[in-house]
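According to our numbering, the sequence shown holds residues 1364 to 1702 in order.
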Amino acid sequence: MKNDLKSSMIYEEFKSRILFIRFSSFGDIILASGVVSLLKNLYRNSEITWIMGEEFVPVFQDRVLADRVIGINRFGIKGYISMILLAKFLRKHTFDIVVDIQDNKRSAFLLKMLRYKLRTKSMPSLEERGNDHAYCHFSRILKSIGIDMMPERPHLLFNDLDEEILNENLYSLGYKGEPLVVFATSASQALKRWNVEHFKELAKIIIAKNKVSIALIGAKGEEKYGFEGENIYNLIGKLPYFSSILLIKKSKLLVTNDSSPLHMAFSVGTPAVVLYGPTRPNWSLPEGPYFAIQSPISCSPCMKKNCPKGLHCLDEILPQSVYNVILKNKERIGFEFSV
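Structure below.
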């Protein structure tokens, strides 16, 4: 199974079987949906099978342009057993193309058991991965099979129920159609979460100076990162994933930690201010009206999940500093925030 076939053509005359691999995470799967959309445009008569972590399938089934989404266990011995069983099923067919943008040991293990004609080149080193946005890395992977293009943005599919659930929850809290700013106050790692009290203070500043309201989003189990107040709609734990994306689309601006809501905003074209502490914006911050605020502490970004010094670098970003960034970029944001 040598990678010796190159192609940049748009295939329409036969049905190409394409295997697409991106196991995780929420944010990266959102970004990867743009790659699947690009493949669908290039190979218009294709059948795309997407392999992702089993925990993401209930969220993304029928929400991306893949024809089939298959979930696997990604962890420990059970994960390898899951891949072996999946490989037995997938070996019934030979794939014309394999696009592996997960590009790790587990995806390589899976591919060793499959039949295919062409696959993307592995680029595991940091040098090959690059120090730029994820789409730049994905495009380098695609270039290894002759596709010299970059996805424009994520491509997700919505339905009427998403909007119905959003409106039901939002209007039940007293929403009257005023402009919204959305806060995403949580993140998967504690070190990546801006202090809730800072979010609360920023909300006070924005509301005092502008005729807007603040909407809070987050998953079930993240309610402790919410707060109440006048002109604040606390929707944490109340909205399904795609209704949250539509809320971001409805808003003038998202303020978020370095987490999946940034990619949600990118998918629907909503400007965002993103707070970075241990991480850096190169990989996650897209081009356009997306603004990074890096912690001023000297060791940031350290790219660690836990601080050996016992610090919380995001606390050094002050609410007024965040509002100053919003004011500085209000023309690009497209809303006249007041001084």
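Using N, Cα and C, we set each Cβ at its ideal position, and we do this for glycine too.
Nothing here was measured: the structure is a model prediction, and the numbers come from that model.
- By the criterion of a C-beta distance shorter than 7 Å, Val1432 is surrounded in its chain by Trp1413, Met1415, Val1420, Phe1423, Gln1424, once the five residues flanking it on both sides are discounted.
- Around the beta carbon of Asp1621, 16 or more other beta carbons sit within 10 angstroms, so the residue counts as buried.
- Nearest neighbour of Trp1646 by Cα position, chosen from Tyr1443, Leu1625, Leu1477, turns out to be Leu1625.
- Leaving aside the five residues that flank Tyr1686 on each side, the residues in its chain whose CB is nearer than 6 Å to its CB run, in chain order, Ile1568.
- As the crow flies, the alpha-carbon of Lys1672 is around 28 Å from that of Ser1388.
- Closest option to Ser1658, judged by alpha-carbon separation, among Pro1649, Glu1650, Pro1644: Pro1644.
- Sequence-distant Cβ neighbours of Leu1474 in its own chain, meaning closer than 7 Å and more than five residues away, are Val1461, Asp1463, Arg1482.
- Counting along the chain, the unbroken beta strand (DSSP E) around Val1636 starts and ends at 1635 to 1639.
- Per DSSP, the beta bridge partners of Gly1416 are Ile1435.
- Secondary structure at Glu1527: helix, using DSSP grouped into helix, strand and coil.
- By the beta-carbon neighbour count (other beta carbons within 10 angstroms, threshold 16), Asn1522 is exposed.
- Lys1612 and Val1631 have their C-alpha atoms spaced approximately 6 Å apart.
- Between Ile1599 and the set Lys1572, Thr1633, Ala1547, the nearest pair of CA atoms involves Ala1547.
- A buried status is given to Leu1382, since no fewer than 16 other beta-carbon atoms sit within 10 Å of its beta-carbon.
- In the three-state reduction of the DSSP assignment, Ile1392 falls in the helix class.
- Look at the segment 1505 to 1551 and you find these whole runs of alpha helix (DSSP H), each 4 residues long or longer: 1523 to 1535.
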